[in-house]
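A short write-up of the structure that comes next.
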Amino acid sequence: MTESESLFLDAAVESARNGLYSTTPNPRVGCLIVRDGDVIGRGWHHRAGELHAEAMALADARSRGNERSLEGATCFVSLEPCSHHGRTPPCTDALIAARVGCVVVAADDPNPQVAGRGIEQLRAAGIRVEMHPRARAIELNRGFFKRFTSGRPWVRVKVAASLDGRTAMASGESRWITSGAARADAQTWRAQSCAIVAGVGTVLADDPLLTVRGDQFAVDGIVRQPLRVVVDGRLRTPPTAQLLRADGAVLIATTAAADSDAGRALAAGGAELFERTGGRDDLDDVFAELARRSMNEVLVEAGPRLTGSVLRSQTWDEAIVYLAPKLLGRDGRPFADLSIDRLADAIRGHVTDVTRIGDDVRLRILRIAR
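Taking our numbering, I'd label the letters of the sequence shown as residues 845 to 1214.
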């Protein structure tokens, strides 16, 4: 690639970020159409059921009077163009009809309905296709890739703690350990998640909303609310819980009977019940169910028991840890209920980012498999 072509592809990948909070369950995709060194069309996918990035870029070019310039132009796109009929027609058909000359792709599509077929269709139509992988294109869609390759979503664990790893005093007092800036930053992880998972203990102790708050997360004036998931084996969630009155859907993952009095009361309050098959502290069946529901990214915001279970079972992929410059002492409550006897059995991660947020520090940690 020439330097300018590389910059165009990077710009297409970066434009996919516009859909960070809205595209689920579809991937985040960006597209630029270039003719003679000039960008004649731009597009990014807003949400499922609406124009894909390539179709939006073609429409943008035509709206600028560049219909004739499309023939022989180069299309830079962050993900392989789709080749199947879903809620919208195939992007390959649109690119072929526009008679573009070349398509430059930053990542293959893992969806088996596409998975190379898009590239094959374009080449069969005489369109040159070049693959120039960009790690950023995959990073933006980690959950989408993982769901199709492993049948599980990308699982993030969010923790806000003191320097000595405490999330509350022995009395339960916890507001607030981290700063307002850190709490505001944490909303970005909620906003890009498809589902938020909490335990019933958190619901009983804090009565949280577990919603996304902030106009900065709106796309076309709409703030998308993730599915709220409560892990509640004995159906102790009160029908009066705030999360049942907030916008968005609620799923109760339980081992109790859905047709019990408690189950019927929660259903009447607007919750959906999912009868689990896994053990009390094993969330693998919950994550599998969320993947089946096309959830790409899941955020776990839970107490020490559930957090410890996810960390111990190695079902997490990433941890977002906010550390406040405070010490709460040995009687404070830990962020994870863990018992590890040998250093060799330590749960390990790789720090990928350290950022100061207000007076606190945010760590991004990727799991290192045992």
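Here a beta-carbon is modelled for each residue, glycine too, at the ideal position from N, C-alpha and C.
Query                                                                                                                      : Result
Uninterrupted alpha helix (DSSP H) stretches inside the stretch 1090-1124 (no shorter than 4 residues)                     : 1105-1112
Residue range of the beta strand (DSSP E) that includes ASP1043                                                            : At residue 1043 the sequence reads Gly, which differs from the Asp that was named. From DSSP, the beta strand (DSSP E) with GLY1043 extends over 1039-1043.
C-alpha gap between GLY1114 and ARG1072, whole angstroms                                                                   : 12 Å
contact_flag[the stretch 975-983, the stretch 1120-1134] where n(CB pairs < 8 Å) is 3 or more                              : no
CB contact flag (THR1099, ARG1078, <9 Å)                                                                                   : yes
Residues of its chain near THR1159, where Cβ-Cβ distance is below 8 Å and the 5 sequence neighbours each way are ignored   : ARG996, VAL999, LEU1127, ASP1128 and PHE1131
Own chain residues within Cβ distance below 7 Å of ASP1064, not counting five before or after                              : HIS890
Contacting residues, own chain, Cβ-Cβ under 6 Å from VAL883 (five flanking each side not counted)                          : LEU876
Stretch-stretch touch, CB-based, cutoff 8 Å, three pairs: the stretch 1191-1208 with the stretch 1163-1178                 : yes
C-alpha distance - ARG1221 paired with GLU911, whole-angstrom precision                                                    : Only positions 845 to 1214 of the chain appear in the structure, and residue 1221 is not among them; the question remains open.
Extent of the continuous beta strand (DSSP E) run through GLY887                                                           : 882-888
Top-ranked residue by Cα proximity to THR936, from TRP1033, ALA1042, ARG1211 and ALA897                                    : ALA897
Per DSSP, cross-strand counterpart(s) of PRO1178                                                                           : ARG1010
Local conformation of SER845 per DSSP, three classes                                                                       : Checking the sequence, you will find Met at residue 845 rather than Ser. Here MET845 sits in coil by DSSP.
C-alpha gap between ALA1026 and VAL1001, whole angstroms                                                                   : 15 Å
Delimiting residues of the beta strand (DSSP E) encompassing VAL947                                                        : 946-949
Simplified DSSP state of ASP1129, which is helix, strand or coil                                                           : helix
Given SER913 as reference, the closest of GLU894, ASN862, GLY885 and PHE920 once Cα atoms are compared                     : GLY885
Residue from ASP1059, LEU1155, THR846 and VAL878 with nearest C-alpha to ARG1192                                           : LEU1155
Segment limits, alpha helix (DSSP H) that includes THR1196                                                                 : Premise fails: THR1196 lies in the beta strand (DSSP E), 1193-1201, not in any alpha helix (DSSP H).
Rounded straight-line distance, which links the Cα of ASN870 to that of GLU894                                             : 10 Å
Bridge partner(s) assigned by DSSP for TYR1002                                                                             : The amino acid at residue 1002 is misidentified as Tyr; the sequence shows Lys. Beta-bridge pairing links LYS1002 to ILE1164.
Proximity of ASP1008 and GLY1152 at Cβ, strictly below 9 Å                                                                 : no
Separation of ARG1137 from ASP1161, as counted between CA atoms                                                            : 19 Å
Proximity below 9 Å, CB of ALA950 to CB of VAL921                                                                          : yes
CB of PRO1070 within 9 Å of CB of ALA1039, strictly                                                                        : yes
Proximity below 9 Å, CB of LEU902 to CB of LEU939                                                                          : yes
Three-state secondary structure assigned by DSSP to ASP854                                                                 : helix
Contacting residues, own chain, Cβ-Cβ under 7 Å from VAL1198 (five flanking each side not counted)                         : VAL1205 and LEU1207
Straight-line gap, LEU1095 to GLU1116 (C-alpha atoms, nearest Å)                                                           : 5 Å
ARG1174 to ALA1014 span [Cα, whole Å]                                                                                      : 9 Å
Test item: CB-CB of ARG1034 and GLU858 under 9 Å                                                                           : no
Nearest-angstrom Cα separation, counted from ARG861 out to ARG872                                                          : 7 Å
Rounded C-alpha distance that separates LEU853 from GLY1045                                                                : 47 Å
ARG1072 - partner residues in DSSP beta bridges                                                                            : ILE1040 and VAL1094
Cut-off 8 Å between Cβ atoms - residues of its own chain near GLU915, not counting five sequence neighbours on either side : ALA942, ARG943, VAL944 and GLY945
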